[in-house]
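Worksheet for the structure shown next.
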Amino acid sequence: MGRLSGKVAIITGAAQGMGEAHAKAFVEAGAKVILTDVNEKDGQALADSLGENAMFIKHDVRDGAVWKAVVEQGEAKFGTINVLVNNAGIIGTIAHTVDFTQAEYQLVCDINQLGTYLGMQAVIPSMIKAGGGSIVNISSIAGMIACMGSPNLAYVGSKFAVRGMTKQVAAEYGPNNVRCNSVHPGYILTPMMVAATDENGGGAGDMIPLKRLAAPKEVSQLVMFLASEESSFITGMEHVIDGGMTAC
Numbered sequence: 021m022g023r024l025s026g027k028v029a030i031i032t033g034a035a036q037g038m039g040e041a042h043a044k045a046f047v048e049a050g051a052k053v054i055l056t057d058v059n060e061k062d063g064q065a066l067a068d069s070l071g072e073n074a075m076f077i078k079h080d081v082r083d084g085a086v087w088k089a090v091v092e093q094g095e096a097k098f099g100t101i102n103v104l105v106n107n108a109g110i111i112g113t114i115a116h117t118v119d120f121t122q123a124e125y126q127l128v129c130d131i132n133q134l135g136t137y138l139g140m141q142a143v144i145p146s147m148i149k150a151g152g153g154s155i156v157n158i159s160s161i162a163g164m165i166a167c168m169g170s171p172n173l174a175y176v177g178s179k180f181a182v183r184g185m186t187k188q189v190a191a192e193y194g195p196n197n198v199r200c201n202s203v204h205p206g207y208i209l210t211p212m213m214v215a216a217t218d219e220n221g222g223g224a225g226d227m228i229p230l231k232r233l234a235a236p237k238e239v240s241q242l243v244m245f246l247a248s249e250e251s252s253f254i255t256g257m258e259h260v261i262d263g264g265m266t267a268c
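Written as structure tokens, this is what we have:
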């Protein structure tokens, strides 16, 4: 029996990067997983490679109607949902606050913040039917501190919002045995990070006490812990995984 046996999980942004690592780890740990992403080609290929305990649905997290369909299709195939990993997100434009356009700001907030809200709203009823569940919202160290080296008000604002929404849902739905926690990764070696900086994180390793970027699978271990019964009395909390960066 795996540590996630009996769990039915939705993981957004699962086609690559941290989402891909989470999906692989969850299936290996015994969960049934609904992978979603706007990247249909890579998402479907990953689901196919993971076998009968995985399915893929093309999904824009900004669309509440599609969220409803994701939950319905997931329940039809695997049963009630008891884990949600709100992983989909974008960094957006790196620019000083006065140089942001309204459209650039709105796009980041729609994906990172609105998408998280819509996911929780859609999945909580299924979790209540299941007798409880665990929501893991992927925020960032930018949901804990400012980003001075790479200014991005929209990203920081959206990730702080995820942190706050996490606490509100934990307080509201704790009586229903629905837990909700946020994960705050630092510099993780993902395609999104490389696209925004370089393969060395733009020299970010020098700012990290452990002197390296994390592999996505290292974040997956924390996400699995929060999804599992091992964390059954943990809710409404921030869980920072940054190699010690915010300790400095």
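As numbered in the numbering used here, residues 21 to 268 make up the sequence shown, in order. Note that beta-carbon positions come from the ideal geometry of N, C-alpha and C, so glycine has one too.
Nearest to G152 by alpha-carbon distance, out of P171, L242, N102, is N102. M244: not part of any beta strand (DSSP E); member of the alpha helix (DSSP H) spanning 236–247, first to last residue. Within the same chain, T255 come within 7 Å of G194 by CB-CB distance, once the 5 residues on both sides are set aside. Contact between G22 and G50 holds: CB atoms are separated by about 3 Å, below the 8 Å threshold. Taken through DSSP and simplified to helix, strand or coil, N201 comes out as strand. Sixteen is the threshold: since fewer than 16 other Cβ atoms of the shown chains lie within 10 Å of the Cβ of S252, the residue is exposed.
In the DSSP assignment, V103 falls within the beta strand (DSSP E) that extends over 103–106. Listed as beta-bridge partners of T56 by DSSP are T32, I77.
In the structure shown, I155 falls within a strand segment according to DSSP collapsed to helix, strand and coil.
The three-state reading of DSSP puts E72 in coil, since its state is none of H, G, I, E or B. Only residues of its own chain outside the window of five on either side were considered, and among them T210, P211, M212, P236 have a CB closer than 7 Å to the CB of G37, listed in chain order.
Counted as a single uninterrupted DSSP element, the stretch harbouring I148 is not any beta strand (DSSP E) but the alpha helix (DSSP H) occupying residues 135–150. The secondary-structure analysis by DSSP pairs V260 across a beta bridge with H204. For F98, the enclosing alpha helix (DSSP H) has its first and last residue at 84–98. Where V118 is concerned, there is no enclosing alpha helix (DSSP H), because DSSP gives it neither an H nor an E.
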